[in-house]
């Protein structure tokens with residue numbers, strides 16, 4: 003209910019409400035997806051620096067550099083679970099990191115909602131296919147291919 007009071011000069015103060023008449027609305031729930039995406043980009047970027055620099059050092063600098071890289075070298079490397087995990091981590095982190103970056107670009111520059119939707123669908127399908135094929139190759143690589 004509205005109350006009024008008088009000041010020493012006798013003028014009435016502006017009406018003040020004791021209790022608001024409109025009920026409080028529950029706060030809108032916001033998704034933390036963008037926060038987690040931002041955090042993932044920082045962490046995956048730091049991990050990718052280590053993984054990629056290690057990969058480049060081993061492939062290009064150690065023991066004669068690129069001249070020793072052939073099928074046998076890759077087969078010997080992927081015979082070790084350590085190197086399988088290394089390359090698999092690099093594949094997954096790079097693909098998801100890059101896909102998240104492209105998703106952000108699509109959100110920023112695609113003006114129409116339908117365009118944004120279909121660009122993201124194409125992006126997600128390509129990401130899943132590349133991850134699936136890359137993971138399949140790393141885990142099923144057979145170093146004993148018979149000569150034809």
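Residue numbers (the working numbering): 3 to 150.
Heads up, the beta-carbon is just placed ideally off N, CA and C, and yes, glycines get one too.
For residue i, collect the residues of the same chain with a Cβ closer than 8 Å to its Cβ; drop the 5 residues on either side in sequence, then sort them by chain order.
i, result
"residue 146", "none"
"residue 108", "118, 121, 122 and 125"
For residue i, I'd like the list of residues in its chain whose CB is within less than 6 Å of its CB, leaving aside the five on either flank, ordered along the chain.
i, result
"residue 143", "80"
Using the C-alpha atoms, what's the distance from residue j back to residue i?
i, j, result
"residue 46", "residue 73", "29 Å"
"residue 94", "residue 28", "39 Å"
"residue 140", "residue 67", "22 Å"
"residue 37", "residue 69", "44 Å"
"residue 2", "residue 26", "With the chain covering 3 to 150 only, the question about residue 2 has no answer from this structure."
"residue 40", "residue 31", "19 Å"
"residue 35", "residue 59", "35 Å"
Within 7 Å: the Cβ of residue i and any heavy atom of the ligand FAD?
i, result
"residue 68", "Only the bare structure without any ligand can be found here, which leaves the ligand FAD out of the picture."
| Between the stretch 95–106 and the stretch 129–137, are three or more C-beta pairs nearer than 8 Å? | yes
Item to check | alpha helix (DSSP H) segments (min. 4 residues) lying fully within the stretch 21–90 | outcome: 35–62 and 73–80
* Tell me, please, whether the stretch 108–121 touches the stretch 73–83 by the rule of three or more beta-carbon pairs shorter than 8 Å. => no
| query | With a cut-off of 8 Å, do at least 3 Cβ pairs link the stretch 47–59 to the stretch 87–99? | reply | yes
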